[in-house]
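Below: the structure, in structure tokens.
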Amino acid sequence: MAWVILVLSGMLEAVWATALGKSQNFRRVWPTVIFAAGLLLSMAGLAAAMQSIPVGTAYAVWVGIGAVLTAAYAMAFGGEKATALKVLLLLGVVGCVIGLKMVG
471 MAWVILVLSG MLEAVWATAL GKSQNFRRVW PTVIFAAGLL LSMAGLAAAM QSIPVGTAYA
531 VWVGIGAVLT AAYAMAFGGE KATALKVLLL LGVVGCVIGL KMVG
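The working numbering applies: residue 471 is where the sequence shown begins, and numbers increase by one.
Put into structure tokens, the structure is as follows:
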């Protein structure tokens, strides 16, 4: 169950990171609310997962999931240019996250 919580928390990291970018330095209300809620839930899930998963592994997986999803969202919807190299490198991060799960 800790791994499910960790994956969901990593997904919420992407939510709060994206909302932070859309909040315009906390001047837009709804992105700011989404940022705060996503941050709180993401951190709570990370903390809960760390009760069963080693801190280094949990943090690396959490950051990896959040980073890949945030970058993918930005490329799909945020105007960030998607290149074959960026996609390949993000797939490398996904491979590392999967590897950490397999050895952890």
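Every residue gets a Cβ at the ideal spot worked out from N, C-alpha and C, and that includes glycine.
{"Item": "Consult DSSP for Glu483 and reduce its assignment to one of helix, strand or coil.", "Value": "helix"}
{"Item": "Cα separation between Leu482 and Met513?", "Value": "9 Å"}
{"Item": "Would you kindly check if the distance between the Cβ of Val564 and the Cβ of Val533 is under 8 Å?", "Value": "no"}
{"Item": "Spatial neighbours of Trp570 within its chain, please: CB distance less than 7 Å, with the 5 preceding and 5 following residues excluded, ordered by chain position.", "Value": "At residue 570 the sequence reads Leu, which differs from the Trp that was named. The answer, listed in chain order, is Thr527, Ala530, Val531."}
{"Item": "Nearest CA to the CA of Ala518: which residue from Val474, Val503, Ile568?", "Value": "Val474"}
{"Item": "Mark Leu559 as exposed unless 16 or more other C-beta atoms lie within 10 angstroms of its C-beta, in which case mark it buried.", "Value": "exposed"}
{"Item": "Can you tell which of Leu561, Lys551, Ile568, Thr540 has the C-alpha that lies nearest to the C-alpha of Trp486?", "Value": "Thr540"}
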